Structure formats: C-alpha cells, structure tokens
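First comes the structure, then the notes that go with it.
Numbering (UniProt numbering), first residue to last: 1 to 298.
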C-alpha cells in the first residue's frame, strides 16, 4: 500500500565533498598500488561523516534519564523518557540520538518508554573493536541488540537510514521487536560501493579489494547485511516505511522493493521534501504522525 503525504519544512545538513587531493591520490593508487588503496579505503568506509545537523534535542523535549548498555565491553550511551513498553530510536550514519528527538514527546504521551542512543563511534558512545571514530554495520547492529537486551523487548524500533539497516540486521540476529518503522532506509551496499568509489576517484581494482576486506572485517558477506537480503523472512515483524522520492542519499526505490517483499509492510510516500529529503523527513510532521499511529494501533 502506498499513501502520499504533503511536505513539511525543516532544516538539514549534507556530507562534505571529498578533497581533490584525496581523489588524485586514489587515482594513482588505482593504477599502481590498488592494495594500498583498499587499505586506505576501508578505513574511510568505516568512518562516519560529520553531518551538519544539530546535536541538541528539539525544543520541548522533557528531561531524560541517562541509560547505558554494552557488548563485549563497548559502552553505548543514551537517554530514556517516560514509562511503559520500550520504543527504541536509532539514528543514521554520522548522526546522533538527538536527530530522532521529534519522536520523544508523542510516544511518551502515547504511554511508551522512549529510549534513544548513539551508535558506536557516534557522539557519546564508545567505539567497538576498531579505532575511535570508526565502526561497521555489524557493530551498529550489535549495539541495537545490546540496548534492547539491557532495557527490554521492543514494542517497536524506529530507525533512520543506516539505523534501519542496523535494526533489521539486529532483528534477523534475534533481537525482539513487535514493530518496525524505517525512515528513508539505506539502500543496498552494492549501490554505495559504486557511489563511494566514484566520490573518492577510484575504480574496480580498489573496489574489489575493498569488498573482500570488508567481508573479512565483518566475518560475513557485506551484502548479507542489506535489508533486501533479510526482507523475506517469515518471522519479520510488521514494518512501516516512510520515504520521499526526492531523497538523494537513499533511493526511494529501496523502500518500494522492501515493501514488495517484506511479509507485512506498508510504504508511506512523502512529497516535495527537496534535495535534503533524507534529513527533512526526520522533522516532517505528517510522517511523524503516521509513524506514531502505526506504533499505537492495536
């Protein structure tokens, strides 16, 4: 099912461009030393960008209680509001828990305990096994699972962008959640491989080596972490997808495909959010209302 909503205004930020000297260096490494290029590329791939969005909670969010969780000794930091069944908020790549803050007040008012946290190497959370400032999709999924284990089975997980991919992977690996809401979920990594290579100025020799290194670092095929690879599981919980066709960071077709193969999924299509739709959707009031209604129905 596909429902259209009207646009809402909000601010946003974008990832900064790659410096020309970095592109020139990768161009040389592609020709003469692709192995060295792949070693450099994997560290960049695993480094969250600095996204130009406020790290402060939206106005009107009530005082919170600090919460923590950990896996394998790695600390995850967050906040909690209210009482009731837990609803977890998961931000995207380069984001922080404050980016999901618009959900706090309505979900608390609906009778939920709302828990927002920072993914590994983001904001207040510690890194995982990698150096500070770096992490992987698998570590992000481990963090989601650790927070849910510590603070109770999820009535729902509301997640944005890469956070949606991490939430789906966590659920596939056994994390309990009754419902899921994915806002502009990240597409398949095959797409981002091409975009990453083009953005940094290297070609197939570095790209293929980078792929092999990532598979080894994760201990599983990178493409097995895509939502599309997990969508057809019979025990997947009901899912609401909210996405805008203007999204330049995560293709709208990603959500259309997921909705087609996920056993119980509904896609709501926003309209007119513009070139910053990937972030504006986090402040889009009709999308927020649809998500809250989905979580509270039944």
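Even for Gly, the Cβ is constructed at its ideal location relative to N, Cα and C.
Computed from a predicted structure; not experimentally measured.
Can you grab the Cα-Cα spacing for the pair residue i / residue j, in whole Å?
| i | j | result |
| --- | --- | --- |
| residue 94 | residue 31 | 31 Å |
| residue 206 | residue 195 | 13 Å |
| residue 283 | residue 62 | 17 Å |
| residue 290 | residue 266 | 11 Å |
| residue 78 | residue 27 | 41 Å |
| residue 175 | residue 145 | 6 Å |
| residue 130 | residue 217 | 10 Å |
| residue 101 | residue 88 | 11 Å |
| residue 258 | residue 168 | 11 Å |
Count the other C-beta atoms from every protein chain shown that fall within 10 angstroms of the C-beta of residue i, then say buried if there are 16 or more, exposed otherwise.
| i | result |
| --- | --- |
| residue 187 | buried |
| residue 247 | buried |
| residue 236 | buried |
| residue 232 | exposed |
| residue 52 | exposed |
| residue 255 | buried |
| residue 224 | exposed |
| residue 204 | exposed |
| residue 198 | exposed |
| residue 228 | buried |
For the beta strand (DSSP E) that contains residue i, what are its first and last residues?
| i | result |
| --- | --- |
| residue 114 | 113-117 |
| residue 135 | That residue, residue 135, is in no beta strand (DSSP E); it is neither H nor E in DSSP. |
| residue 71 | 65-71 |
Counting only the same chain and skipping the five closest in sequence on each side, list residues whose C-beta sits under 6 Å from that of residue i.
| i | result |
| --- | --- |
| residue 249 | 278 |
| residue 242 | 183, 268 and 287 |
| residue 83 | 113 |
| residue 162 | 92, 93 and 186 |
| residue 72 | none |
| residue 275 | 248 |
Which residues mark the beginning and the end of the alpha helix (DSSP H) in which residue i is found?
| i | result |
| --- | --- |
| residue 32 | 20-32 |
| residue 293 | 285-296 |
| residue 107 | 104-109 |
| residue 254 | 252-261 |
| residue 189 | 189-200 |
| residue 163 | 162-172 |
| residue 206 | 204-218 |
Within the same chain, show all residues whose beta-carbon is closer than 7 Å to that of residue i, passing over the 5 residues directly before and after it, in chain order.
| i | result |
| --- | --- |
| residue 234 | 263 |
| residue 296 | 110 |
| residue 134 | 43, 46, 47, 121 and 127 |
| residue 18 | 199 and 200 |
| residue 273 | 7, 244, 246, 280, 281 and 284 |
| residue 172 | 230 and 233 |
| residue 132 | 121 |
Once the 5 residues before and after residue i are set aside, which same chain residues still bring their CB inside 8 Å of it?
| i | result |
| --- | --- |
| residue 219 | 138 |
| residue 68 | 75, 76, 77, 78 and 150 |
| residue 292 | 103, 106, 107 and 110 |
| residue 192 | 186 |
Could you check if residue i belongs to the surroundings of the ligand NAP, using beta carbon to heavy atom distance under 6 Å?
| i | result |
| --- | --- |
| residue 247 | Absent from the structure shown: the ligand NAP. Ligands present: none. |
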